[in-house]
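Working notes for the structure below.
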Amino acid sequence: MLFVEPRFFLFFAVVFGLVWILRNNLWRKRVLTLASYVFYGAWDWRFLGLILLITVISYLVGAAASRYPAGDRTRKLALTAGIVASLALLGVFKYFNFFADSFVDFAGMMGFSAGSVTLNLVLPVGISFYTFQAISYMVDVHRGDIGARRSFLDVAFYIAFFPQLVAGPIVRASEFIPQMDTARKWADVSVRACLTLFLIGFIKKACISDNIAQYVDVIFADPSSFAASQVVAGVLLYGIQIYCDFSGYSDMAIACAGLLGYKFPANFDSPYLSANIQDFWRRWHISLSSWLRDYLYIPLGGNRRGNGRRDVNLMTTMVLGGLWHGASFNFVIWGFLHGIALIVQRFWHQLVARRVPAMGLLGGFIGGAVTFYWVNLAWIFFRAADLGEALSISQTYLTWSSAGQNVLPIAVWPLLACVGLAHWLSHRFGAQEMIERLAPNRFAVTYGAIVAIAIAFVPLGYRPFIYFQF
């Protein structure tokens, strides 16, 4: 059930009506939890048992934390067992075949023969996201950031809440669960902000990402047949596609939650306008990058044990972050490229940037251009079907050389320029805030006009959100 489908609008209208008709907070949570399971079951009802199992594990770990004092060995063992069990479920469904095949290949390189063992498993939609949310609950309770919930319903509601269930943002337990304790008030809902944000997300996904996808698919299907400039254009188009696709989902998820009275943190902040790679990760998939920082990088030691250990921790975090996205060496390389960039950027800042006079606007432009170039190089490994294809496209991207002669429609480059300009203007002048501040009548007319124009650009058929595969 996609956010851009008519059936989702019908589903949300029913849920929205029921929630605000009900006055009792307990019944609201029951309705929203049931609706969330219906939403997830619409993808594949067989995986309802999996999300329920992870919820049970999280609830039991929380119960153990409430029973035993901080520092108690049993409490620590319960947390460890809960995290291991949750990651084991994620590993079986997402990584078993990858590691099994990798072991066979490694054994062959060492001169040994090993039989291949694979499992014919379907990857559950959103398993990476709700597993991380479950871990957030267990760790936050263990640390004392929030109290363990006595009600199993509260834990189930937190993990399964449908707006963010299958593609984020990853909402931490300490941010969301306290909102459950009191009935949400309609007077506190910023209706205009939510409607505007949903429309922006819809345009990003349905009007930009889905229309660009056809050109990206053509390039990545047979890159060797295209001229170098066209391959580069295809890579840049994919950068736009994945940003509009994923940030569009996040916008719509935040808006839907907001209309139901719950606040989610922002997940994107114009990342392609970043001045450096560190700034990029403060703006891209903010909920994941901050999750990795607080639940992985800092527990590994962060930067507390010298620069060498800091760089190892940073690289470990980024590589595991890449592997979180998918069971492929392409994702590992994607994480490695970002890790390298972060390490180089810190080295530059420590040894060079401090000794060179500030270059002002020019320095920011050069830093932003280099960052954008590197981020799109890494996207090649994110999108390519296999490592060989990724390396071939990377060579063309880096050298601007290709034996191919095919070209994309001439409108591709103006399209890139227009989308880039719109990205900058929206950030610079706050397009969302400008629409929200309109007088009621003007807001209604403007909103209706934008909807009418947007519908004209929606392609036939629906493409799944890219992050559903993660």
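For the sequence shown, numbering that gives the first Met the number 0 gives the first residue as 0, with consecutive numbering after it. Ideal placement from N, C-alpha and C gives every residue a C-beta, glycine not left out. As the structure is a prediction and not an experimental result, all values here were calculated from the model.
Taking the C-beta atoms as reference points, GLY247 is found nearer than 8 Å to LYS203. Per DSSP, the continuous alpha helix (DSSP H) segment holding ASN312 begins and ends at 306-324. Annotation for GLN132: the continuous alpha helix (DSSP H) segment containing it runs 126-142. Taking all protein chains in view, the Cβ of TYR372 is surrounded by fewer than 16 other Cβ atoms within 10 Å, so the residue is classified as exposed. Of the other Cβ atoms in all chains shown, fewer than 16 fall within 10 Å of the Cβ of SER150; this residue is therefore exposed. Looking only at ARG29, ILE285 and ILE50, the smallest Cα-Cα distance to ALA182 is reached by ARG29.
Around TYR36, the same chain offers LEU47 and ALA159 as residues with beta carbons nearer than 7 Å, after the five sequence neighbours per side are excluded. Taking a contact to require three or more Cβ pairs closer than 8 Å, the region 135-143 and the region 68-88 qualify as touching. Ranking SER249, CYS243, ARG191 and GLN468 by CA distance to the CA of ILE211 puts CYS243 first. Per the C-alpha coordinates, the member of ARG6, LEU21, MET0 and GLY16 positioned closest to TRP44 is MET0. As computed with DSSP, ASN405 is found in a beta bridge with PHE225. A check of alpha carbon separations from ALA326 across TRP280, ARG22, PHE381 and HIS337 identifies PHE381 as the nearest.
The Cβ atoms of GLY167 and SER289 do not sit closer than 8 Å to each other.
Taking all protein chains in view, the Cβ of ASN306 is surrounded by fewer than 16 other Cβ atoms within 10 Å, so the residue is classified as exposed. With a cut-off of 8 Å on Cβ pairs, the region 174-189 is not in contact with the region 419-431, counting fewer than three such pairs.
Non-local C-beta neighbours of ASN302 in its own chain, meaning closer than 7 Å and more than five positions away in sequence, comprise ARG309, ordered along the chain. Residue burial annotation: VAL18 is buried, with at least 16 other C-beta atoms found within 10 angstroms of its C-beta. Shown here for LEU291: same chain residues with a beta carbon closer than 6 Å to its own, the five before and five after excluded, namely THR316 and GLY320 in chain order. A residue is called buried when at least 16 other Cβ atoms come within 10 angstroms of its Cβ; GLY429 does not meet this threshold and is exposed. The DSSP-derived three-state label of GLY260 is coil. In the three-state scheme derived from DSSP, where H, G and I count as helix and E and B as strand, ASN266 is classed as coil. The beta carbons of ALA274 and VAL406 sit no closer together than 8 Å. A residue is called buried when at least 16 other Cβ atoms come within 10 angstroms of its Cβ; VAL411 meets this threshold and is buried. Across the structure, ILE50 and PRO408 are spaced so that their CA atoms are roughly 45 Å apart. Cβ neighbours of ARG171 within its own chain (closer than 7 Å, five residues either side excluded): SER135 and ASP139.
Taking C-beta separations shorter than 6 Å and ignoring five residues to either side along the sequence, the partners of LEU258 in its chain run CYS193, following chain order.
Counting only residues of its own chain and dropping the five nearest sequence neighbours on each side, ARG6 has a CB closer than 7 Å to the CB of MET0. When LEU341, MET314 and SER286 are compared, the shortest CA-CA separation from TYR129 is found for SER286. By the neighbour-count definition (other C-beta atoms within 10 Å, threshold 16), PHE11 is a buried residue. Shown here, THR79 sits in a helix according to DSSP, grouped into three states. Residue environment for CYS417: exposed (fewer than 16 other C-beta atoms within 10 angstroms of its C-beta). Taking a C-beta distance under 8 Å as the contact criterion, SER224 and GLY403 qualify as a contact pair.
Closest in alpha carbon position to TYR214, among LEU236, SER228 and ALA443, is LEU236.
Counted as a single uninterrupted DSSP element, the alpha helix (DSSP H) harbouring CYS193 occupies residues 190-201.
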